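Everything below concerns the one structure shown next.
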Amino acid sequence: MDQYYGYLFAHVMKHDYGRLYYSISADGLHWKLINNGKRIIGEEYYGHPDITRGHDGRFYLLGGGDPVITIWVSDNLITWKKWLDYDPDVPNAVGFRKGIKHHGAPKCFYDSESSQYAMTWHSPSKEPVAEEPERVWSSMRTFYVLSKDMLHFSEPKRLFDFPFATIDVIIRKEDNKYYAFIKDERWADLSCPTGKTIRMSYSDNLLGPYTEPSLPISPNWREAPTLIQKLDGSQWYLYYEEYPGMSYGCSTAKKLSGDWYNLQWQTYEIPKDVRHGGMITITEKEYNDLMSIYGNIQE
């Protein structure tokens, strides 16, 4: 981690949901909204932003989801260009009806061992019904595709064989194991106390099979996990949103395998009204360039 200097949080806002905003941090705990609280991209971008540092030195930003996943590319995190509209053929996956075009919260992980990108998202097998709002959410399952170049993709497949709904999955690797951080999308009640929490599963292989998810890392009614490692490599910070736009929580562990505990709210600071997004580490040059262009901080 010596080559990195700070962190960038690409996210949306409660009052302007789906549009791209930036917050920045030197320590991964204290964040400031930059660009004077204004959008980074205008009306062209919509989605739950997730940025991946690519094998080619560029950055890939995911968005969209209904009906296609949008991919943007940048050399510097400042100037973004539309790269691709990607339409996964999920309706033809086993057990999923035709005609449902929802690819929720796409995320991307670059696996240096296999030199490929793994893109994940969640799709439903049931149509939404007004009188049953949980119907569509309880049918969500996590899918993945693989790519060498973010242009050509494998056929979509299920990532887990869990018999329950999962969304907002992110994948990271440590000590030769792959860790998936998952939102258990079942309704939370006495019959399902792990519902609407963030849990962790792991595997020896990128594509699994993954273990039965852990006990909850977060309290109930949390979503949109995002994960960063402390610059000295000594611990991880797992952030998650208390929705809808109430606040952010943060858990920490020395290793991705745990044990995880929740930080006191006084130890970290997220700008008000920040919602769904993803955090990445950035170099000193990237940090300084971002501050040079977007350095007007919204207090």
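The opening position of the sequence shown corresponds to residue 13 in the numbering used here, with each subsequent residue numbered one higher. Backbone N, C-alpha and C fix where the C-beta goes; we use that ideal spot for every residue, glycine too. It should be emphasised that the depicted structure is a prediction, and the values quoted were computed from it without experimental measurement.
For V148, the uninterrupted alpha helix (DSSP H) run begins and ends at 146-149, by DSSP. In this structure, Y129 lies away from L96, with their beta-carbon atoms at least 8 Å apart.
As computed with DSSP, M291 is found in a beta bridge with F21. Residue pairing from DSSP places F71 in a beta bridge opposite R65, S86. The three-state secondary structure of Q278, taken from DSSP, is helix. D180 sits in a strand when the DSSP states are folded into three classes.
Taking the Cβ atoms as the reference, Y190 lies roughly 6 Å from Y214, within the contact range of under 8 Å.
Taking 8 Å as the upper bound for CB-CB distance, Y34 and N47 are in contact here, some 6 Å apart.
In the structure shown, the three-state DSSP call for M131 is strand.
Of all alpha-carbon atoms in P103, I52, V80, the one lying nearest the alpha-carbon of N88 is that of I52.
Assignment of S263 by DSSP, reduced to helix, strand and coil, places it in the strand class.
Assignment of beta-bridge partners to V141 by DSSP yields E144. No Cβ-Cβ contact shorter than 8 Å links V181 with T209. In terms of Cα proximity to G220, the closest of R170, M303, H164 is R170.
CA-to-CA, the gap between A22 and S37 works out to about 12 Å.
The continuous stretches of beta strand (DSSP E) do not include G257, and DSSP gives it neither H nor E. For E167 and Q276, the gap between their C-alpha atoms comes out near 43 Å.
Ranked by Cα distance from A200, the options F193, A177, N217 are led by A177.
Here DSSP, grouped into helix, strand and coil, assigns V80 to coil. It is roughly 11 Å from the alpha-carbon of I292 to the alpha-carbon of F121. Counting only the Cα atoms, M25 lies some 9 Å from K284.
For the pair P61 and G207, the CB atoms are not nearer than the 8 Å cut-off. For V80, the closest of S86, I112, Y222 by C-alpha to C-alpha distance is I112. Here E125 carries a coil assignment [DSSP, helix/strand/coil].
According to DSSP, residue pairing for S213 in a beta bridge involves A192. Annotation for A236: the continuous beta strand (DSSP E) segment containing it runs 234-241. In the DSSP assignment, V157 falls within the beta strand (DSSP E) that extends over 153-159. In the structure shown, P103 adopts helical secondary structure according to DSSP, grouped into three states. Shortest Cα-Cα distance from T264 to any of S246, Y72, Y255 involves S246. As a beta-bridge residue in DSSP terms, K169 pairs with Y156.
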